[in-house]
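Working notes, structure below.
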Amino acid sequence: MEHSAGFLRLVNEAKQHIKEEDHHATKRRIDARDKFILIDTREDSEWARGHLPGAIHMCRGHIERDIEKTVPEKDAPMVLYCGGGYRSALAAESLQKMGYSNVVSMDGGWRAWTEAGYPVIRDQSPGLNQKS
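Everything in the sequence shown is counted per our numbering, starting at 12 for the first residue and increasing by one.
Here you go:
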């Protein structure tokens, strides 16, 4: 996807203020069974096509509205991801502004994760998940 110059400027500015890690670091965290909350910030249709194991879904358009109900602890470790690491960077910056102190954006997002061949959950039908 080609992004507009204004959007890229906004993302690059956000990335100056947040922590990022690549998909390999997130995979190592999962494999080590580190305690953190993995949040998929993509749209509903993207989530339905597949997501990372253990992730919860809070799309970019609702995360600021819903995060305090879902994650009331402001120091809870969180890793956010999206399709490529742009929306999750913007969401990470917003959460930091809301007082969350342990937020990381996964650079490369879903695209990098799947290109690496890491496991994903794909919905078979409503309520049924299968690892692939």
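Cβ atoms here follow ideal geometry from the backbone N, Cα and C, with glycine treated the same way.
Being a predicted model, the structure only gives us computed values, none of them experimental.
About 16 Å separates the CB atoms of residue 29 and residue 48; that is not less than 8 Å, and the two are not in contact. For residue 31, the CB contacts under 6 Å within the same chain, skipping 5 residues up- and downstream, are 116, 118 in chain order. Closest by C-alpha distance to residue 111, out of 120, 93, 88, 129, is 88. Here residue 107 has 28, 29, 114 as same chain residues with Cβ atoms under 8 Å from its own Cβ, once five neighbours each way along the sequence are excluded. Rounded to whole angstroms, the separation of the alpha carbons of residue 65 and residue 43 is 13 Å. In this structure the segment 49 to 57 lies against the segment 68 to 76, because at least three pairs of beta carbons, one per stretch, are closer than 8 Å. Taking the C-beta atoms as reference points, residue 95 is found no nearer than 8 Å to residue 60. Listed in chain order, the alpha helix (DSSP H) runs fully inside the segment 52 to 80 are 55 to 60, counting runs of at least 4 residues. The residue from 86, 12, 62, 80 with its alpha-carbon nearest to that of residue 130 is 62.
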